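If you count by the numbering used here, then the sequence shown holds residues 35 to 175, one letter each, in order. Notes follow the structure.
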Amino acid sequence: SCKLVLKSDAKPVIDPPRKLPFKLHNKVKEELGRMEQDGVIEKVNEPSEWVNSMVVTVKKSGSLRICLDPKNLNNNLMRSHYQLPTLSELRSELNGSTIFSTLDANSGFWIIPVDEESSKLLCFNTPFGRYRFERLPYGVS
């Protein structure tokens with residue numbers, strides 16, 4: 035699972051909820067229900083020190099993507115540093131390979147669970163109550 039680590043001087047931030055167009059209310063409620071049923075999010079009733087804004091985007095298909103705007107959280111996270119391989123390193127590793135494939139992981143981030151404490155940092159407000167992500171959402175660095 036993924037563990038988010040706060041900087042030692044981090045101060046909790048509660049972002050105000052963003053306005054949601056009325057015409058999206060039913061679709062957002064349905065999508066939140068689906069995400070809750072799939073174990074991606076969980077309803078929150080206890081107080082939260084960190085609350086992010088929910089961002090809703092409409093895909094070309096008409097379905098919704100529910101994300102966070104974790105700008106304030108990202109500014110307070112310790113980041114692990116990973117050096118991406120260079121093109122020449124990749125070429126040398128792939129030398130002699132003959133079969134290649136590509137994957138487009140639908141909701142790919144959601145396959146990564148977050149630990150309990152990290153989940154408390156991933157709360158967000160909706161017109162239907164507060165939720166928290168139990169899986170790594172888009173936008174968290």
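All C-beta atoms in this analysis are idealised placements derived from N, C-alpha and C, irrespective of residue type, glycine included. No experiment lies behind these values; they were computed from the predicted model shown.
For the beta strand (DSSP E) holding residue 166, just list the boundary residues, first then last. 163 to 167
Residue 47, enclosing alpha helix (DSSP H) - first and last residue: Careful: residue 47 lies outside any alpha helix (DSSP H) and carries neither H nor E.
Mapping DSSP to helix, strand and coil, what is residue 88? strand
Measuring alpha carbon to alpha carbon, tell me which of 170, 159 and 150 ends up nearest residue 89. Ranking the options by Cα distance to residue 89, first place goes to 159.
Backbone CA spacing between residue 157 and residue 36 [nearest angstrom]: Straight-line Cα distance between these residues: approximately 16 Å.
Put residue 134 into one of helix, strand or coil per three-state DSSP. coil
According to the neighbour-count rule (16 or more other Cβ atoms, all chains shown, within 10 Å of its Cβ), is residue 134 buried or exposed? exposed
Given a cut-off of 9 Å, decide if residue 147 and residue 111 are closer than it, judged by their beta-carbon atoms. no
Using a Cβ-Cβ cutoff of less than 8 Å, which residues in the same chain neighbour residue 41 once the five nearest sequence positions on both sides are dropped? 110, 111 and 112
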